[in-house]
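Q: Quick one: the structure is below, and I'll ask about it shortly.
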Amino acid sequence: MSAVCPAGKALLWVHDLSLAYRNGGQPFWVLQDLNFQVPEGGFLAVLGPSGCGKSTLLRVLAGLLPPTRGQVCYASRPLAAPQPEIGLVFQHANLLPWRTVLQNITLPLEIRGVTRREAEARAREMVALVGLEGFEHTLPRDLSGGMAQRVALARALVYRPRLLLLDEPFSPLDTLTREQMWEELLRIWRHTGVTILMVTHSMTEALVLADRVLVLSPRPARLRLDLTVPFPRPRTEEIRFTPLFGELVRRIREAILSG
Ligand SMILES: Nc1ncnc2c1ncn2[C@@H]1O[C@H](COP(=O)(O)OP(=O)(O)OP(=O)(O)O)[C@@H](O)[C@H]1O
Ligand SMILES: [Mg+2]
């Protein structure tokens, strides 16, 4: 595999990426010839049918799985291992039940040997950023789903990632909490300048939040649609009730459903 990464604006550069899991020697192809780029500071949403390979794609982009073919470049270098600059949030918050909110957030810093004092100071900053002040010493069992998800977000942000990978982070939440989290996420995105790539099953979520929407085919996932979202920011709730929004939902839906 050649390892030439173009110098340029793209923070992530995905070139002819294919991935197969090996089940007893037989390759099980999950990603097929994916090509796309994510500019620094961009917000991409990724949609596709269940089981098509979205979480697998995130694992590759997090440096946890090496491509079987093709190449992934991060900041103009081949991505060969997990990077502290890349934060990953899974669908379930996965908090340690015996650690408080603050202690869950300081964990990645402790693992990397940051002093306790500094770790706590940074965790407190994140607590403020995700709107959890007053809950620093609460245990996960006493948090709502939305609050737990905020802690997971804060934990991913505490290392000040340049790239944030989100795997259906708001799926378990009720509609209102989810919409509140959209606001929070957009605020964090504006405030930190982090680049976001988010997997979601919600077409509305994708169109409300993202600059671009990628739609993947059923497994093995190929790129079906790469759609630029034309709504200016800040976006109001009203965009959801416009004919253009309906038209874009229709295009995404067709791309997901087409064979
Ligand atoms: N570690 C693994 N070993 C072998 N096969 C795997 C592994 N992880 C996932 N798969 C398979 O790869 C395919 C894609 O899985 P993946 O979790 O990436 O899909 P997904 O698009 O995230 O699905 P969902 O929308 O349901 O979350 C599935 O068929 C799954 O069974
Ligand atoms: Mg998944």
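Take 54 as the starting number for the sequence shown in the numbering used here and just add one per residue. No residue lacks a Cβ here, since even glycine has one placed at the ideal position from N, Cα and C.
1. State the DSSP-derived secondary structure class of residue 136, mapped to helix, strand or coil.
2. Run the CB neighbour count on residue 195, radius 10 Å, all protein chains shown included, and call it buried at 16 or more, exposed below.
3. Per DSSP, which residues does residue 261 bridge with? Please list them.
4. Check whether the stretch 79 to 98 and the stretch 143 to 163 touch, using three or more Cβ-Cβ pairs below 8 Å as the test.
5. Excluding the 5 residues preceding and the 5 following residue 62 in the sequence, name in chain order all residues of the same chain whose CB lies nearer than 6 Å to its CB.
6. Once the 5 residues before and after residue 130 are set aside, which same chain residues still bring their CB inside 7 Å of it?
7. Count the other CB atoms within 10 Å of the CB of residue 88; is the residue buried (16 or more) or exposed (fewer)?
8. Using only the heavy atoms of ligand 1, determine whether one of them is closer than 6 Å to the beta carbon of residue 83.
9. For ligand 1, any of its heavy atoms closer than 6 Å to the Cβ of residue 121?
10. Please classify residue 248 as buried or exposed, where buried requires at least 16 neighbouring CB atoms within 10 angstroms.
11. Relative to the alpha-carbon of residue 310, which residue among 102, 71, 167 and 297 has its alpha-carbon at the smallest distance?
12. Please determine whether the Cβ atom of residue 106 lies at a distance below 6 Å from any heavy atom of ligand 1.
13. Please state whether DSSP places residue 282 in a helix, a strand or coil.
14. Does ligand 1 have a heavy atom nearer than 6 Å to the CB of residue 212?
15. Report the partner residues of residue 131 according to the DSSP bridge assignment.
16. Determine the extent of the alpha helix (DSSP H) in which residue 249 is found, giving its start and end residues.
17. How about residue 157 and residue 75: are their beta carbons less than 7 Å apart?
18. What's the call for residue 220, buried or exposed, on a 16-neighbour Cβ count within 10 Å?
19. Is residue 96 buried or exposed, if buried means 16 or more other CB atoms sit within 10 Å of its CB?
20. Please report the residue range of the alpha helix (DSSP H) in which residue 306 lies.
21. If the criterion is Cβ atoms closer than 7 Å, does the pair residue 217 and residue 140 meet it?
22. Within 10 angstroms of its Cβ, does residue 283 collect 16 or more other Cβ (buried), or is it exposed?
23. For ligand 1, is there any heavy atom lying closer than 6 Å to the beta carbon of residue 270?
24. State the beta-bridge partners of residue 74 as determined by DSSP.
25. Measuring alpha carbon to alpha carbon, tell me which of 264, 253 and 231 ends up nearest residue 94.
A: Answer, in terms of the structure:
1. The count along the sequence shown starts at 1 and reaches residue 136 at position 83. Note: residue 136 maps to coil in three-state DSSP.
2. As a first step, residue 195 is located in the sequence shown; it is residue number 142 there, counting from the start. Label assigned to residue 195: exposed.
3. Counting from one through the sequence shown, the residue named residue 261 turns up at place 208. Its beta-bridge partners do not exist; DSSP assigns none.
4. no
5. Numbered from 1 along the sequence shown, position 9 holds the residue referred to as residue 62. 92, listed in sequence order.
6. Your numbering for residue 130 matches position 77 in the sequence shown. Hits under 7 Å: 58.
7. Counting from one through the sequence shown, the residue named residue 88 turns up at place 35. So residue 88 counts as exposed.
8. The residue you call residue 83 lines up with position 30 of the sequence shown. Checking the Cβ of residue 83 against ligand 1 gives yes.
9. Here the question's residue 121 lines up with position 68 in the sequence shown. No, the Cβ of residue 121 stays beyond 6 Å of every heavy atom of ligand 1.
10. In the sequence shown, residue 248 corresponds to position 195, counting from 1. The residue in question, residue 248, is buried, as its Cβ has 16 or more Cβ neighbours within 10 Å.
11. One-based indexing of the sequence shown puts residue 310 at position 257. Out of 102, 71, 167 and 297, 102 has the C-alpha closest to the C-alpha of residue 310.
12. As a first step, residue 106 must be located in the sequence shown, where it is residue number 53. Yes, Cβ of residue 106 sits closer than 6 Å to a heavy atom of ligand 1.
13. Start at 1 with the first residue of the sequence shown, and residue 282 comes out as number 229. Residue 282 falls in the coil class under three-state DSSP.
14. Mapped onto the sequence shown, residue 212 falls at position 159. For ligand 1, not one heavy atom lies less than 6 Å from the Cβ of residue 212.
15. Along the sequence shown, one-based indexing puts residue 131 at 78. Answer is 126.
16. The residue given as residue 249 occupies position 196 in the sequence shown. Residue 249 -> not in any alpha helix (DSSP H); beta strand (DSSP E) instead, spanning 248 to 252.
17. If you number the sequence shown from 1, residue 157 lands on position 104. If you number the sequence shown from 1, residue 75 lands on position 22. No, they are not a contact pair.
18. Sequence index remark: in the sequence shown, residue 220 carries index 167 (1-based). With 16 or more Cβ atoms within 10 Å of its Cβ, residue 220 is classed as buried.
19. Translated into positions along the sequence shown, residue 96 becomes position 43. Looking at its Cβ environment, which holds 16 or more other Cβ atoms inside 10 Å, residue 96 is buried.
20. Start at 1 with the first residue of the sequence shown, and residue 306 comes out as number 253. That run of the alpha helix (DSSP H) goes 296 to 310.
21. The residue given as residue 217 occupies position 164 in the sequence shown. The residue given as residue 140 occupies position 87 in the sequence shown. It is a contact, given that the beta carbons lie within the stated cut-off.
22. One-based indexing of the sequence shown puts residue 283 at position 230. Counting Cβ neighbours within 10 Å, residue 283 comes out exposed, since fewer than 16 surround it.
23. Reading the sequence shown from its first residue, position 217 is the one you call residue 270. No - ligand 1 has no heavy atom lying nearer than 6 Å to the Cβ of residue 270.
24. For the purposes of this step, residue 74 is taken as the residue at position 21 of the sequence shown. Bridge partners of residue 74: 81.
25. Taking the sequence shown and counting its residues from 1, the one referred to as residue 94 is at position 41. Measuring from the Cα of residue 94, the nearest candidate turns out to be 264.
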